[in-house]
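Chemist:
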Amino acid sequence: MGAAAEQGPGAGYGPASGPGSSPAGGTPGVLAGGDTLTDPATRTLEPYALTADQTPVKARRFWAGRRVPAAITAAVLLGIAGLFLYDIAAVRADRRAMAWRTRLADELATRHLDNVWVIVGAAVAAVLGLWLILLALTPGERGLLPMTRRGENGVRAGLDRHAAELVLRDRAMEVPGIRWVRVKVGRRRITAHGSSHFRELDAVRTDLTTALGNAVRQLGLAKPPQLHVHVQRAEKKG
């Protein structure tokens, strides 16, 4: 379902497996520890009820590796350092310095601080520096929503926002009266815009809000976004 997970020593349990779950055929049995397996048809399980005895652990956001910005920055710095090192070595070997370095030294010595190009260069350098600091201090991975983690050794999982949109859209289409629906999932807000071709709009909106609310809880997100539902009357054709 588009979920990314990091397996830990306590991984391997889910809604379909774990202590107290039944075999595939649904027949009663006995676990190794002596616990009796019951028929799943005789009970209903809420999401993550199998691990409800474990204390939830604060789920932090996933940090992006940011390999592309790091590679570009390293390549640029390596190239500039290599040019300066080569030119300095050439001067030490009684050769003439490169023309670009001589011109750069003259420009830096003669141009005043209020010069346009000096101001532009300083602004560009400041923007690049602030961008690198921002990348270093923020986690990124905005498209991955952290899921609830049970216990210190539990699975650290994340759900892709696009996958969550597909799940919520399919659940919304099951509501009677919904003709089409568009779901947008953000980190703090879920917005659903739907259209109804029959039934009262208030009834459809209530049912859609209830269905999407239950679906959001079943996603198991660590911080469920706020749900906002908008329903309008479908345009009549012809």
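To get our numbering, take the position in the sequence shown, counting from 1, and add 4.
Glycine included, every Cβ here is placed at the ideal spot set by N, Cα and C.
Everything numeric in this text was worked out from a predicted model, so none of it was measured.
Which residues does DSSP pair with Val95 in a beta bridge?
Modeler: Residue 95 sits at position 91 when you count from the first residue of the sequence shown. None, per the DSSP bridge assignment.
Chemist: Give the C-beta separation of Leu216 and Leu172 to the nearest angstrom, bearing in mind that I take them to be a contact with Cβ-Cβ under 8 Å.
Modeler: Here residue 216 refers to the residue found at position 212 of the sequence shown. Here residue 172 refers to the residue found at position 168 of the sequence shown. The Cβ separation is near 6 Å, so the contact holds.
Chemist: Mind checking which residues open and close the beta strand (DSSP E) that includes Gly125?
Modeler: Stepping through the sequence shown from its first residue, residue 125 is reached at position 121. Gly125 -> not in any beta strand (DSSP E); alpha helix (DSSP H) instead, spanning Val120 to Leu141.
Chemist: For Met151, count neighbouring Cβ atoms within 10 angstroms of its own Cβ and tell me buried if that reaches 16, exposed if not.
Modeler: One-based indexing of the sequence shown puts residue 151 at position 147. Buried, since its Cβ has 16 or more Cβ neighbours within 10 Å.
Chemist: How close, in whole Å, do the beta carbons of Arg70 and Gly144 come, if the pair is a contact with beta carbons under 8 Å?
Modeler: Translated into positions along the sequence shown, residue 70 becomes position 66. Translated into positions along the sequence shown, residue 144 becomes position 140. Yes, Arg70 and Gly144 are in contact; Cβ-Cβ is about 6 Å, under 8 Å.
Chemist: What is the DSSP secondary structure of Gly162, counted as helix, strand or coil?
Modeler: Indexing the sequence shown from 1 puts residue 162 at position 158. DSSP places Gly162 in strand when its eight states are reduced to three.
Chemist: Who are Gly181's beta bridge partners in DSSP?
Modeler: Sequence index remark: in the sequence shown, residue 181 carries index 177 (1-based). Paired residue(s): none; Gly181 is not in a bridge.
Chemist: Exposed or buried, what is Arg153 when buried is set at 16 or more other beta-carbons lying within 10 Å of its beta-carbon?
Modeler: Working through the sequence shown from its first residue, we reach residue 153 at position 149. Buried, since its Cβ has 16 or more Cβ neighbours within 10 Å.
Chemist: DSSP on Pro150, reduced to helix/strand/coil?
Modeler: Start at 1 with the first residue of the sequence shown, and residue 150 comes out as number 146. Note: Pro150 maps to strand in three-state DSSP.
Chemist: What separation, rounded to the nearest whole angstrom, lies between the Cα atoms of Thr106 and Ile84?
Modeler: For the purposes of this step, residue 106 is taken as the residue at position 102 of the sequence shown. For the purposes of this step, residue 84 is taken as the residue at position 80 of the sequence shown. Cα to Cα, the separation comes out at about 15 Å.
Chemist: Excluding the 5 residues preceding and the 5 following Gly147 in the sequence, name in chain order all residues of the same chain whose CB lies nearer than 8 Å to its CB.
Modeler: Numbered from 1 along the sequence shown, position 143 holds the residue referred to as residue 147. For Gly147, where only same-chain residues beyond five positions count, the Cβ hits under 8 Å are Asp164, Arg165 and His166.
Chemist: What residues in its chain sit with their C-beta under 8 Å from that of Arg100, if we drop five residues either side in the sequence?
Modeler: Reading the sequence shown from its first residue, position 96 is the one you call residue 100. Only Ala94 meet the Cβ criterion.
Chemist: Beta carbon of Thr187, beta carbon of Glu204: below 8 Å?
Modeler: Within the sequence shown, numbered from 1, the residue matching residue 187 stands at position 183. Within the sequence shown, numbered from 1, the residue matching residue 204 stands at position 200. A small fix is needed here, since residue 187 is Val in this sequence, not Thr. For Val187 and Glu204, no; Cβs fall outside 8 Å.
Chemist: State buried or exposed for Ala97, treating a residue as buried only when at least 16 other CB atoms are found within 10 Å of its CB.
Modeler: Against the sequence shown, residue 97 aligns to sequence position 93. Exposed, by the Cβ-count rule.
Chemist: If we count the other Cβ atoms within 10 Å of its Cβ and call it buried at 16 or more, is Val80 buried or exposed?
Modeler: If you number the sequence shown from 1, residue 80 lands on position 76. Classification for Val80: exposed.
Chemist: CA-CA distance, Arg64 and His197?
Modeler: Here residue 64 is taken as the residue at index 60 of the sequence shown, counted from 1. Here residue 197 is taken as the residue at index 193 of the sequence shown, counted from 1. Roughly 30 Å separates the two Cα atoms.
Chemist: Which term fits Val120, buried or exposed, when burial requires 16 or more other beta carbons within 10 angstroms of its beta carbon?
Modeler: As a working note, residue 120 is residue 116 in the sequence shown. By the 10 Å Cβ count, Val120 comes out exposed.
Chemist: Cβ of Arg65 less than 8 Å from any chain B Cβ?
Modeler: Checking the listed chains, one finds no chain B in this structure; it contains a single protein chain.
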